[in-house]
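Take a look at the structure below.
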Amino acid sequence: MHAAQECFAGLGIAIAVALVFAATVAESSISGSSSEVVRAVTGPASLQLRARSGQGFDEHLLKRVERLPGVKQAAPLLEQTATVSAPSGRRTTIDLAGTDTSLAVLDGLGETLPLAALRPGTIGLSKATAEKLGITIRPTPTRSGYGEVTLQMRGKATRLRVSAVLGHEAVGALSRALVAVMPLERMHQLAGLPGRVTRIFVETRPGARARVRAELSRLAGESLEVAPADQDVTLLREALGPSRLASGLFAAIGALLGFLFAFNAMLLTVPERRQAIAELRLAGARRAGIVEMVAFQAICLGIAASLVGLLAGYVLSVGIFHQSSAYLAEAFTLGSNTVIGVSAMLLAFVGGVLATCLASGVVLLDLRKGRARDAVYQQDGVAGDALGATAQRRLFTGAVGLLAGAGLLYALVPVAAIAATVLLALGTVLAVPLVFGGVLKLMRLVTERYSGLITLPVVLASLRTTTLRSLALAATGAVALFGSVALGGSRENLLRGIGTFAHSYVAAADIWVTNPGDNQAVDEFDPGQAAARIARVPAVASVRTFQGGFLTLGSRRAWIIARPPGASRQVLEREILQGNANMAVARLSESGWIAVSKQIAEEHHTGVGGTLTLPTPRGSVRFRIAATTTNLAWPPGVIFVNTADYTRDWATTAPTALGVKLRPGANPMLARSAIAHALAQTGGGGAAEAQSGLEVSSAAHRQASINSLTSEGLVQLREISTLLLIAAISAMAAALASSLWQRREWLSGLRLAGAKPSRLRRILLLEATLILGAGCLTGAVAGIYGEVVIDGYLRQVTGFPLASIITGTRPLEVFALVLAIALVIMMIPGWLISRVPPGLALEND
Numbered sequence: 001m002h003a004a005q006e007c008f009a010g011l012g013i014a015i016a017v018a019l020v021f022a023a024t025v026a027e028s029s030i031s032g033s034s035s036e037v038v039r040a041v042t043g044p045a046s047l048q049l050r051a052r053s054g055q056g057f058d059e060h061l062l063k064r065v066e067r068l069p070g071v072k073q074a075a076p077l078l079e080q081t082a083t084v085s086a087p088s089g090r091r092t093t094i095d096l097a098g099t100d101t102s103l104a105v106l107d108g109l110g111e112t113l114p115l116a117a118l119r120p121g122t123i124g125l126s127k128a129t130a131e132k133l134g135i136t137i138r139p140t141p142t143r144s145g146y147g148e149v150t151l152q153m154r155g156k157a158t159r160l161r162v163s164a165v166l167g168h169e170a171v172g173a174l175s176r177a178l179v180a181v182m183p184l185e186r187m188h189q190l191a192g193l194p195g196r197v198t199r200i201f202v203e204t205r206p207g208a209r210a211r212v213r214a215e216l217s218r219l220a221g222e223s224l225e226v227a228p229a230d231q232d233v234t235l236l237r238e239a240l241g242p243s244r245l246a247s248g249l250f251a252a253i254g255a256l257l258g259f260l261f262a263f264n265a266m267l268l269t270v271p272e273r274r275q276a277i278a279e280l281r282l283a284g285a286r287r288a289g290i291v292e293m294v295a296f297q298a299i300c301l302g303i304a305a306s307l308v309g310l311l312a313g314y315v316l317s318v319g320i321f322h323q324s325s326a327y328l329a330e331a332f333t334l335g336s337n338t339v340i341g342v343s344a345m346l347l348a349f350v351g352g353v354l355a356t357c358l359a360s361g362v363v364l365l366d367l368r369k370g371r372a373r374d375a376v377y378q379q380d381g382v383a384g385d386a387l388g389a390t391a392q393r394r395l396f397t398g399a400v401g402l403l404a405g406a407g408l409l410y411a412l413v414p415v416a417a418i419a420a421t422v423l424l425a426l427g428t429v430l431a432v433p434l435v436f437g438g439v440l441k442l443m444r445l446v447t448e449r450y451s452g453l454i455t456l457p458v459v460l461a462s463l464r465t466t467t468l469r470s471l472a473l474a475a476t477g478a479v480a481l482f483g484s485v486a487l488g489g490s491r492e493n494l495l496r497g498i499g500t501f502a503h504s505y506v507a508a509a510d511i512w513v514t515n516p517g518d519n520q521a522v523d524e525f526d527p528g529q530a531a532a533r534i535a536r537v538p539a540v541a542s543v544r545t546f547q548g549g550f551l552t553l554g555s556r557r558a559w560i561i562a563r564p565p566g567a568s569r570q571v572l573e574r575e576i577l578q579g580n581a582n583m584a585v586a587r588l589s590e591s592g593w594i595a596v597s598k599q600i601a602e603e604h605h606t607g608v609g610g611t612l613t614l615p616t617p618r619g620s621v622r623f624r625i626a627a628t629t630t631n632l633a634w635p636p637g638v639i640f641v642n643t644a645d646y647t648r649d650w651a652t653t654a655p656t657a658l659g660v661k662l663r664p665g666a667n668p669m670l671a672r673s674a675i676a677h678a679l680a681q682t683g684g685g686g687a688a689e690a691q692s693g694l695e696v697s698s699a700a701h702r703q704a705s706i707n708s709l710t711s712e713g714l715v716q717l718r719e720i721s722t723l724l725l726i727a728a729i730s731a732m733a734a735a736l737a738s739s740l741w742q743r744r745e746w747l748s749g750l751r752l753a754g755a756k757p758s759r760l761r762r763i764l765l766l767e768a769t770l771i772l773g774a775g776c777l778t779g780a781v782a783g784i785y786g787e788v789v790i791d792g793y794l795r796q797v798t799g800f801p802l803a804s805i806i807t808g809t810r811p812l813e814v815f816a817l818v819l820a821i822a823l824v825i826m827m828i829p830g831w832l833i834s835r836v837p838p839g840l841a842l843e844n845d
């Protein structure tokens, strides 16, 4: 096998291995590194007593927990989401923990955690947080300490001195998370939550866990939750599930297409390899020996390509594919390390080697019993390159069967998208001979109609004698377009769906006032006189209070959205899956009704008109379901409730957002500035938002922020689609170059007959256009079918808001783009090959 063909085949295998390995590592790294963070926080603790809201519970409960039989140690923690800003202007959202030395002792950090981190009036930052803010990790000769930062939390802004930067030697895996610590008493003051904690971690004595859990449950009653200390790991894995499924689907399809690239590359070498096998058989070689030779070559190629794929996958996983989890940061403390599992490495490597062996096995078909040893030389055209009419009909029948099977599978089992897509991809490849034959017949009719054409008849004659090579090239184009249209289209539909949700979600107000970076409006703040001052701004028509938070419901950390009557109309109208929008809006204005994500309702075996019991801070409360919705791009799911029920059952009147409606004709930018000035007066003067601790944003700005954040969680889909498109174009160009190299003798014969290089280039360009055009057309049509299948899977399994399929001119645009780029790349080797010496034809006679 020629080196160029080996490289082409190896490229396909490497792409497949890299996609599978990178996607697996990137996804597992989020939960793996975050698990390390959770273990660093909990230490030897096995249980926790946890609040059901950010308001926490009375810290005096700690004394009662410590006195329980079987409790070895207990430590309190007050957690809040906050924003830290550096003098340079950089800022980041963090998990701020207020604690005392008991937690450090419980975690085994008592000897390494700097006491400076818990000094009054200061804050200790993790190394990752300091790096994000651009704070110098080590003091320099001209600078002592770490400077100051501004902490914005619960509507207040406070300047604090950074007393410590906590590296791995001090806090272990926590050093790579965006966290900060401060003394518990100071945290009470800044959060406005005196005497409150959100969690108590409990280390039990050996054999006493069950008894301690029972005692904790009696203490907790109906208002608190008793859970394993590492509960966040389970909740995070559930939250990552939908994005993992989406990325896994894209990676699996990308790997399938990579394997098909390799298979098509092998087809380019079939003629020479079949001839070589025939000569070996005529020389007396045994079938077993030939099989061993082919297997050895395949294993060597598979190992080399898979190793390259693993290396490329690692680079992708820590770079391009490094999965962003910022959209989950408000609900979870996340790590940022890359975690590589041995199982993922072995799976990708073994899969690559096996796929190579499978693709290489095509040439062994000539070893079938009853087949003549020189059968390859008994065919028309180039030996080993012919594809008979019977074979073409069988392939077409197989293509029809696969496409029908994919449609039936999708209709009966929408979640079996990978299997359905595999059938579609294989059916696309098998349909290429029919489409290619149709294109050639059409071109023959053109030559009969226009007798003055000179180049086209030569091209048709050439294509008729190189059937298998031509079909391999066309199949490569079909696979490329199938993946580009199907994956790219589904990704665009997903992003448009998220964009539609973001627009409807912020449409309830013209200006939003929230804690900095709180896109989901889940962090409470003390409004003080802010609402009254904002209402006095001339451009303001009304100010409404919005509330929300997170609720642990089974294995899900659901997003609670509490809105005043009528404020959920627009988002519900677009996101309802079951139920009537008008009726749902009306019922949400009444007490005792909620709207929930379809996934949550199905998990609890209920639906519209049924009931769902929520574990609220007031206790378990039963609600009736008015409608089911998408998950609004929050994977664990959402729950809509009216503000009256939320205020009562969550025992809080604190807002998480203020929605401002402007008077008709008011300028949003001027109104935003005026509102920021009003907040500055609330905070005591000075810089508006820095003094108030709140962020003022227009609806458009908040929508863009939500789009950006939620899209980050799906960045793998974009990277996989882009990488696949680049790989497809590269594979097509490589296949063309390899095919051209194989045909030097034929081209030298044309040169010997008097053809000029310029004419040869026209012949090659037209030939490539017909071959790839037929393949790309087949792939584009099948890709639309694949897009429907993938959309159905994403809608059914992930629960993401998904826009309806609108193909429009996109398949045509991708068709033209891929074909044009591949042909342009092909012109370089085409120009070189067109100058082949005429004497080459004589040398091989």
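Reminder that position 390 of the sequence shown reads as 390 in the numbering used here, one-by-one numbering, no gaps. We put the CB at the ideal spot given by N, CA and C, even for glycine. Note that the structure is predicted; figures quoted are calculated from it, not measured.
- Excluding the 5 residues flanking it on each side, Arg394 has no same chain C-beta neighbour closer than 7 Å.
- Here the alpha carbon of Ala276 sits roughly 24 Å from the alpha carbon of Leu260.
- Between Arg186 and Gly241, the beta carbon gap of about 38 Å keeps them out of contact (Cβ cut-off 8 Å).
- Counting only the Cα atoms, Pro837 lies some 13 Å from Trp831.
- In chain order, Pro76, Gly195, Arg196, Val197 place their CB closer than 7 Å to the CB of Glu59, counting only its own chain and leaving out the 5 sequence neighbours on each side.
- Under the three-state reduction of DSSP output, Lys156 falls in the strand class.
- Using a 10 angstroms sphere on the CB of Ser88, the tally of other CB atoms stays under 16, which defines it as exposed.
- DSSP links Phe640 through a beta bridge to Ile561, Ala595.
- 8 Å or more divides the Cβ of Ala475 from the Cβ of Val435.
- Residue pairing from DSSP places Asp95 in a beta bridge opposite Thr81, Val179.
- Put simply, of Thr629, Ala419, Gly637 the residue whose alpha carbon is nearest the alpha carbon of Gln570 is Thr629.
- Within a 10 Å sphere around the beta-carbon of Asn642 sit 16 or more other beta-carbons, which makes this residue buried.
- One Cα belongs to Arg751, the other to Pro757, and the distance between them is close to 8 Å.
- Of the other Cβ atoms in all chains shown, 16 or more fall within 10 Å of the Cβ of Thr616; this residue is therefore buried.
- In this structure, Leu487 sits near Ile720, with a CB-CB distance shorter than 8 Å.
- Secondary structure of Ala14 (DSSP, three-state): helix.
- Bridge pairing for Thr204: Val71 [DSSP].
- The beta-bridge partner set that DSSP reports for Arg648 is empty.
- Contiguous alpha helix (DSSP H) elements confined to the region 209 to 286 occur at 209 to 220, 231 to 282, taking only those with 4 or more residues.
- Apart from sequence neighbours up to five positions away, the residues of its chain that approach Arg287 with a beta-carbon distance below 6 Å are Leu367, ordered along the chain.
- With contacts defined as CB atoms closer than 8 Å, Arg557 and Leu235 qualify as a contacting pair.
- Counting C-beta pairs closer than 8 Å gives fewer than three between the region 506 to 521 and the region 600 to 620, which falls short of the contact rule.
- The beta carbon of Tyr793 sits closer than 7 Å to the beta carbons of Leu249, Pro414, Val415, Ala417 from its chain, once the five residues preceding and following it are set aside; these are given in chain order.
- Across the structure, Pro564 and Gln547 are spaced so that their CA atoms are roughly 9 Å apart.
- Taking one beta carbon from each stretch, the region 453 to 462 and the region 783 to 802 have fewer than 3 pairs nearer than 8 Å; the two do not touch.
- From the listed residues Leu216, Pro457, Leu402, Ala562, the smallest Cα separation to Ala419 is found for Leu402.
- In the three-state DSSP reduction, Phe815 falls in the helix class (H, G or I).
- DSSP places Ser834 outside any beta strand (DSSP E), giving it a letter other than H or E.
- When secondary structure is reduced to three states using DSSP, Ser317 falls in the helix class.
- Within 10 angstroms of the beta-carbon of Gly10 lie 16 or more other beta-carbons, which makes it buried.
- For Val513, the enclosing beta strand (DSSP E) has its first and last residue at 511 to 514.
- A distance below 8 Å separates the beta carbons of Ala584 and Ile576.
- According to the DSSP secondary-structure assignment, Val540 is paired through a beta bridge with Leu662.
- In chain order, Gln547, Gly548, Val641, Thr643, Tyr646 place their CB closer than 6 Å to the CB of Ala562, counting only its own chain and leaving out the 5 sequence neighbours on each side.
- Residue state for Pro838 is assigned as coil, using DSSP reduced to three classes.
- For Gln189, the uninterrupted alpha helix (DSSP H) run begins and ends at 184 to 191, by DSSP.
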